[in-house]
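As they're listed, the protein sequences go chains W and U.
So the first sequence is residues 3 to 118, counted in the working numbering.
So the second sequence is residues 7 to 121, counted in the working numbering.
Notes to accompany the following structure.
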Amino acid sequence: AQSVTQPDIHITVSEGASLELRCNYSYGATPYLFWYVQSPGQGLQLLLKYFSGDTLVQGIKGFEAEFKRSQSSFNLRKPSVHWSDAAEYFCAVGPLLTGGGNKLTFGTGTQLKVEL
Amino acid sequence: EPEVTQTPSHQVTQMGQEVILRCVPISNHLYFYWYRQILGQKVEFLVSFYNNEISEKSEIFDDQFSVERPDGSNFTLKIRSTKLEDSAMYFCASSEGGSLSYEQYFGPGTRLTVT
């Protein structure tokens, strides 16, 4: 069964500091990996995705993530955090299915607080 | 930019009542999903729907739940007899078919409170 672990429930960083949110997954085949962000009262917005190719993927809002198969990790990074990045971040894994209909398995989320 | 919409944003109902949560997926998408998030817990998959039938469902999605695409635009989740433990945020999502089907676009959610 597929699973996702986000070991950090809460993280606080100062504005302008770098950020790394951890994500470890368990999946028996080639995974399809995502990071979503959820601001208060909002839905889940896709930040970036990985399913093949370059293991360093770029997303929206200056975020990037690196897929490391040997460590079963897909950590999210940002070199300089802005106050507007305060939100909850979810890592998710899904199967690589042709055609679609893939269910996503989410981690428990990491709540990011940004100090000014 | 096209987006998934959901109504209502908040629904309060009494235990045992039926509720229908409504979603309008992105117009050219072919795959539709419902997820839920109980307060403080992870987002959980409920069901996926394609070509007017359920393609996959989770253990959570028991006989109390049903989904329907009553017309060309709406996608609904019905809970026949709500229980206290059904209180959660319910998210609808949709994705295109083919090689672009992997990206699921989520709506803002409906917060269901069962009293």
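For each residue, glycine too, the CB sits at the ideal point set by N, CA and C.
These numbers come from a predicted model, not from an experiment.
Buried or exposed by the 16-neighbour rule on C-beta atoms within 10 Å, applied to residue i
| i | result |
| --- | --- |
| W:Q8 | buried |
| W:K115 | exposed |
| W:A67 | buried |
| U:N58 | exposed |
| W:I11 | exposed |
| W:N104 | buried |
| W:A31 | exposed |
| W:G43 | exposed |
| W:S82 | exposed |
| U:Q121 | Reading off the sequence shown, one finds Thr at residue 121 of chain U, where the question assumed Gln. Exposed, by the Cβ-count rule. |
| U:Q12 | buried |
| W:A89 | buried |
| W:H121 | With chain W covering only 3 through 118, there is no way to say anything about residue 121 of chain W. |
| W:K80 | buried |
| U:L90 | exposed |
| U:D92 | buried |
| U:D68 | exposed |
| W:D87 | buried |
Proximal chain U residues relative to residue i, where beta-carbon distance stays under 8 Å
| i | result |
| --- | --- |
| W:T110 | Q47 and K48 |
Nonlocal neighbours in the same chain, by C-beta distance under 8 Å from residue i, ignoring five residues either side
| i | result |
| --- | --- |
| U:R42 | V49, E50, L52, I66, A94, M95, Y96 and F97 |
| U:Y108 | S101 |
| U:S33 | P8 and S79 |
| W:S72 | none |
Contact set for residue i: own chain, Cβ-Cβ below 6 Å, skip 5 residues either direction
| i | result |
| --- | --- |
| U:R117 | H16 and M95 |
| U:I26 | T82 and K84 |
| U:Q110 | A99 and S101 |
| W:Q60 | E66 |
| W:Q4 | Y29, V95 and T107 |
| U:K63 | V53 |
| W:G64 | K80 |
| U:F38 | P31, F55, F81 and S100 |
| W:P97 | N104 |
Residues near residue i in its chain [Cβ-Cβ closer than 7 Å; skip 5 each side]
| i | result |
| --- | --- |
| W:V6 | C25, Y27, C93, A94, V95, T107, F108 and G109 |
| W:F76 | C25, Y27, L35, Y52, A67, F69 and C93 |
| U:Q70 | I85, R86 and S87 |
| W:L58 | E66 and E68 |
| W:P33 | Y27 and V95 |
Contact belief for residue i with residue j at Cβ below 8 Å, rounded distance in angstroms
| i | j | result |
| --- | --- | --- |
| W:L23 | W:T112 | 5 Å |
| W:G45 | U:P14 | That pair is no contact at about 14 Å. |
| W:E117 | W:S16 | 5 Å |
| U:Y18 | U:T88 | A quick correction: the sequence has Val, not Tyr, at residue 18 of chain U. Between U:T88 and U:V18 the Cβ distance is about 10 Å, and since that is not below 8 Å, they are no contact. |
| U:R86 | U:E24 | 5 Å |
| U:V73 | U:F55 | 5 Å |
| U:L154 | U:G103 | With chain U running from 7 to 121 in the structure shown, residue 154 of chain U is simply not present. |
Within chain U, partners of residue i - CB distance below 9 Å
| i | result |
| --- | --- |
| W:F92 | K48 and V49 |
| W:L48 | E109, Q110, Y111 and F112 |
Per-residue contacts from residue i into chain W (C-beta, under 8 Å)
| i | result |
| --- | --- |
| U:P3 | The structure shown does not extend to residue 3 of chain U, since chain U is modelled only from 7 through 121, so no value can be given for it. |
Contacts that residue i makes with chain W (C-beta to C-beta distance below 9 Å)
| i | result |
| --- | --- |
| U:F67 | Simply none; closest approach about 11 Å. |
| U:F97 | G45 and L46 |
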